[in-house]
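If you use numbering that gives the first Met the number 0, the sequence shown corresponds to residues 0 to 156, in order.
By construction, the Cβ of each residue, glycine as well, lies at the ideal position given by its N, Cα and C atoms.
See below for the structure under consideration.
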Amino acid sequence: MSTDPSPALLIVAILAMIAGGVAISVQAPINATLSRGLSDPILTACISFFVGFLALLAAWGISLTVRSSGPDLAGLSGLPAWVWVGGILGTVYVLAALWSVPKVGVLTVVAAAVFGQLMAALVMDAIGAFGLAAREISLTRILAVFMVLGGLVLSRV
0 MSTDPSPALL
10 IVAILAMIAG
20 GVAISVQAPI
30 NATLSRGLSD
40 PILTACISFF
50 VGFLALLAAW
60 GISLTVRSSG
70 PDLAGLSGLP
80 AWVWVGGILG
90 TVYVLAALWS
100 VPKVGVLTVV
110 AAAVFGQLMA
120 ALVMDAIGAF
130 GLAAREISLT
140 RILAVFMVLG
150 GLVLSRV
């Protein structure tokens, strides 16, 4: 059974992630500016996550009005402990980005983040991490990752 989405769904997913990538690129200098004004990167991250939390609450409230059922909170009991680490990983990214952007610029920060994401994604795909279907590591996929590394290097020239 194929795990590949239909062509239309693939395009929508890619466009959604391009929009997400734009958001991450814009978020980094915004947070860096806030941090410069506050002189406190931890408080900056707290504010960033709090505002994001409020936005997610609003989105969740809207989603509840269009869905036929609410969340299955009982399903939490059967999940592995590592599912709670996602917020911590987001914190690592936000703190790293708001510290790095003033030093090396947005392009280099985003290129480094994307390279790190792709390296981790390649490994996670290969081993089927976190219960996902394993996907083959091909020479083409490896080259794609290292092309981003080339972009990272070129961003500093």
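For residue i, the nearest candidate out of the options (CA to CA)
i      : options               : result
LEU106 : VAL84, VAL156, ALA143 : VAL156
LEU131 : CYS45, SER137, MET123 : MET123
VAL113 : SER38, SER154, ALA57  : SER154
Simplified DSSP state of residue i, which is helix, strand or coil
i     : result
MET0  : Because the pLDDT of MET0 is 49, which lies under 50, any placement of that residue in the model is unreliable, and the number read from its coordinates should be weighed accordingly. DSSP places MET0 in coil when its eight states are reduced to three.
SER62 : helix
PRO28 : helix
ALA22 : helix
Buried versus exposed, by CB contacts within 10 Å (16 or more), residue i
i      : result
LEU42  : exposed
VAL50  : exposed
VAL84  : exposed
ALA96  : buried
ALA143 : exposed
LEU125 : Per the sequence presented here, residue 125 reads as Ala, with Leu not at that position. By the 10 Å Cβ count, ALA125 comes out exposed.
VAL93  : buried
SER76  : exposed
SER38  : exposed
SER34  : buried
Distance, residue j Cα to residue i Cα
i      : j      : result
ALA31  : PRO79  : 34 Å
ALA128 : ALA44  : 28 Å
PRO70  : LEU53  : 18 Å
MET16  : ARG140 : 18 Å
PHE145 : VAL21  : 21 Å
GLY150 : ILE136 : 21 Å
CB contact below 8 Å: residue i versus chain D
i      : result
ARG134 : Protein chains in the displayed structure number just one, and chain D is not present.
Residue ranges of each alpha helix (DSSP H) run of no fewer than 4 residues wholly in the region 85–129, ordered along the chain?
The region 85–129 contains these whole alpha helix (DSSP H) runs: 85–103, 105–126.
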